[in-house]
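Right, one structure below, let's go through it.
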Amino acid sequence: MKEARLRVDWILCDGYGLCGGLAPDLIDLDEWHYPIISSEPVDRRFMDDAQRAVDCCPVRALTLDRTPPRPRPGPG
Amino acid sequence: MPLLEHSERMLDGPPLDGRSERLDAHLARLGALPRGADNRDLIPSLESSGLLGRGGAGFPVGRKWRALAERNASRAVVVANGAEGEQASFKDRVLMAGRPHLVVDGAILAADAIGADEIVFYVGSEHDAAVLAMSRAIEERRAEIGRPVSVVTAPVSYVAGEATAAVHYINGGDARPTTTPPRVSQRGVHGLPTLVQNVESLAYAALIARFGERWYRSAGRYGSKGTALISVTGAVRESGVREIELGTTVGEIAAATGASPSGVQAVVLGGYFGTWAAAGNVWGLPLDPAIMQSRELTFGCGIVGFLPTSACGVAATAEIMAFMAKESAGQCGPCVYGLRALGDATARVAGGRAGAEELGQIERWTSQVRGRGACHHPDGAAQLMTSALNVFGDEFVHHARTGRCSITSARIEAA
Ligand SMILES: Cc1cc2nc3c(=O)[nH]c(=O)nc-3n(C[C@H](O)[C@H](O)[C@H](O)COP(=O)(O)O)c2cc1C
Ligand code: SF4
Ligand code: SF4
Chain A
79 MKEARLRVDW ILCDGYGLCG GLAPDLIDLD EWHYPIISSE PVDRRFMDDA
129 QRAVDCCPVR ALTLDRTPPR PRPGPG
Chain B
9 MPLLEHSERM LDGPPLDGRS ERLDAHLARL GALPRGADNR DLIPSLESSG
59 LLGRGGAGFP VGRKWRALAE RNASRAVVVA NGAEGEQASF KDRVLMAGRP
109 HLVVDGAILA ADAIGADEIV FYVGSEHDAA VLAMSRAIEE RRAEIGRPVS
159 VVTAPVSYVA GEATAAVHYI NGGDARPTTT PPRVSQRGVH GLPTLVQNVE
209 SLAYAALIAR FGERWYRSAG RYGSKGTALI SVTGAVRESG VREIELGTTV
259 GEIAAATGAS PSGVQAVVLG GYFGTWAAAG NVWGLPLDPA IMQSRELTFG
309 CGIVGFLPTS ACGVAATAEI MAFMAKESAG QCGPCVYGLR ALGDATARVA
359 GGRAGAEELG QIERWTSQVR GRGACHHPDG AAQLMTSALN VFGDEFVHHA
409 RTGRCSITSA RIEAA
């Protein structure tokens with residue numbers, strides 16, 4: 079399986095923090111209940127949790143991204 | 009200012025007194041715009057010139073044009089970005105107002121090189137002289153431009169100049185960033201691949217097209233070649249726009265603008281997005297993007313702001329953070345709440361109303377907002393805040409402990 083990273087669409091995310099409850103090992107919540115997520119690939123052991131959090135996000139703001147990260151802000 | 013004279017390239021010509029250079033004068037001074045048989049000829053030349061984007065991120069201009077020229081889709085759009093919502097920057101408005109035809113030249117060359125069907129000049133609506141000059145320049149050259157062209161005035165806001173916000177606004181939406189991907193180079197104006205390029209970047213491309221990359225690279229003292237426009241503000245006799253050879257030092261700029269080493273405490277480099285540095289550490293610093301980056305400083309959009317010794321760095325930082333919080337486009341929770349929390353806490357420290365625990369919170373919020381927004385606005389704010397804590401750390405602690413500012417040494421009036 080390819081590496082995957084959790085990604086948040088910050089414009090969509092409503093900050094109810096549902097994802098934090100479903101994948102506590104992967105997702106912290108800040109004091110406003112918005113997720114804090116590592117930019118590292120998801121540890122295989124927690125892949126199921128990650129998928130469940132993605133599936134349960136009510137606004138589809140959370141995704142599992144299997145493309146490698148962009149190193150730098152690139153061309154607009 | 010002899011030091012800067014030999015570096016005047018873009019600003020060569022009539023004085024920048026608010027009057028714009030007319031087309032006949034522009035042509036008499038620089039000659040006709042070379043438009044080669046193969047429109048793509050300019051791309052390799054731009055690539056080897058080393059020209060970097062001047063809107064803040066410093067991405068290589070030639071590489072960006074090549075990526076767009078090699079797209080799959082047939083149609084494309086060029087956006088000349090002259091929004092300039094950054095408070096401390098005025099080089100773009102001065103350039104557009106004074107040398108509008110150089111900006112038009114660059115946009116035409118970009119459209120030729122990438123094969124674009126339309127050009128949009130996106131100009132900050134508060135920059136009256138720039139809007140007027142660009143509009144008039146376009147009218148004079150409609151036939152030569154040879155494709156639909158327009159001036160769209162950008163609303164007064166800091167994030168309106170961010171590439172996706174610009175495209176969203178031009179497309180009829182509000183001037184707020186949109187989620188990437190898609191990037192504007194994939195789907196931008198009218199859904200077409202779009203080159204968003206800062207107006208200064210375009211104007212330099214127009215000079216490189218005329219005089220070549222070797223000429224461009226003949227200036228530049230260290231690794232980064234060429235010249236750049238900078239905006240000088242703060243504790244100087246003459247604030248304003250200068251053109252410098254890259255590698256010119258902060259101290260030389262101070263000398264040329266009338267800032268004395270004893271009168272300056274710190275320097276903000278790159279903009280509100282940028283970094284603070286203690287004056288003593290950077291007086292000899294070359295303004296060279298690569299060298300600055302290696303020292304965790306930013307060239308950004310070329311701002312050099314001198315903070316006088318009589319001013320409080322904590323208060324100056326609080327002002328910037330309040331601005332950054334206010335200018336959040338209000339879409340992404342961590343940016344909205346995080347920057348507000350940072351702005352409020354910094355204001356409390358500056359006002360002598362914070363306890364020591366508040367400094368820990370500021371550090372935590374600063375590291376927390378990074379990377380958590382649709383655009384780089386929170387990253388820029390975090391970068392500025394991190395540098396403030398480094399440079400003014402003792403003063404932050406002193407404010408928090410005693411409720412006093414050691415610069416003004418008076419008890420701060422609780423606001
Ligand atoms: C919050 C924010 C505001 C920006 N404002 C401007 C602006 O006013 N003008 C500009 O040219 N670029 C601005 N940028 C950068 C643009 O997104 C884009 O990178 C730039 O226009 C590309 O041109 P360049 O490569 O020539 O620098 C801004 C970026 C951010 C994150
Ligand atoms: S569940 Fe979705 S909307 Fe809710 S906080 Fe998590 S990412 Fe945001
Ligand atoms: S990060 Fe901030 S400024 Fe950028 S789009 Fe989101 S809310 Fe707007």
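Protein chains in written order, with our numbering: chain A, 79 to 154; chain B, 9 to 423.
By construction, the Cβ of each residue, glycine as well, lies at the ideal position given by its N, Cα and C atoms.
Computed from a prediction, not measured in an experiment: that's the story for all the values here.
What is the DSSP secondary structure of residue 186 (chain B), reduced to helix, strand or coil?
-> coil
Extent of the continuous alpha helix (DSSP H) to which residue 4 (chain B) belongs | Missing from the structure shown is residue 4 (chain B); chain B here goes from 9 to 423 and no further.
Any C-beta of chain B sitting closer than 8 Å to the C-beta of residue 116 (chain A)?
-> No, residue 116 (chain A) does not count as interfacial toward chain B.
Under 8 Å between C-beta atoms of residue 252 (chain B) and residue 238 (chain B) | Their beta carbons are under 8 Å apart, which means residue 252 (chain B) touches residue 238 (chain B) by this criterion.
Host alpha helix (DSSP H) of residue 289 (chain B) (start-end) | 287-290
Residues near residue 101 (chain B) in its chain [Cβ-Cβ closer than 6 Å; skip 5 each side] | Sequence-distant Cβ neighbours of residue 101 (chain B) in its own chain, meaning closer than 6 Å and more than five residues away, are 92, 135, 138.
Hey, does residue 93 (chain A) have any beta-carbon neighbour from chain B nearer than 8 Å?
-> yes
DSSP three-state assignment for residue 87 (chain A), whether helix, strand or coil | coil
Would a C-beta distance cut-off of 8 Å place residue 204 (chain B) and residue 174 (chain B) closer than the cut-off?
-> It is a contact, given that the beta carbons lie within the stated cut-off.
What residues from chain B crowd round residue 143 (chain A), counting only those whose CB sits closer than 8 Å?
-> Residues of chain B passing the Cβ test: none, with the nearest at roughly 10 Å.
At what residue ranges does the region 105-132 of chain A contain a whole run of the beta strand (DSSP E), taking only runs of 3 or more?
-> 105-107, 113-115
Terminal residues of the continuous alpha helix (DSSP H) containing residue 345 (chain B)?
-> 341-358
For residue 381 (chain B), which residues in chain C fall below 8 Å Cβ to Cβ?
-> Note that chain C does not occur in the displayed structure, where the protein chains are A and B.
Since residue 316 (chain B) contacts residue 291 (chain B) with CB under 8 Å, what's their CB separation in whole angstroms?
-> Wrong, their Cβ atoms sit about 15 Å apart, outside the cutoff.
Counterpart residues of residue 234 (chain B) in DSSP-defined beta bridges | The partner list for residue 234 (chain B) (beta bridge, DSSP) is empty, contrary to what the question assumes.
Locate the alpha helix (DSSP H) running through residue 112 (chain B), then write down its first and last residues.
-> 108-122
According to the Cβ coordinates, are residue 365 (chain B) and residue 357 (chain B) closer than 8 Å?
-> no
Beta carbon of residue 212 (chain B): closer than 7 Å to some heavy atom of ligand 4?
-> Absent from the structure shown: ligand 4. Ligands present: ligand 1, ligand 2 and ligand 3.
Using DSSP bridges, identify the partner residues of residue 394 (chain B).
-> None; residue 394 (chain B) has no bridge partner.
With 9 Å as the limit, tell me which residues of the region 340-359 of chain B have their beta carbon closer than that to any beta carbon of chain A; keep them in chain order.
-> 340, 341, 342, 343, 344, 345, 346, 349
Where residue 311 (chain B) sits in the DSSP three-state scheme | strand
Measure the C-alpha to C-alpha separation of residue 340 (chain B) and residue 88 (chain A) and round it to an integer number of angstroms.
-> 5 Å
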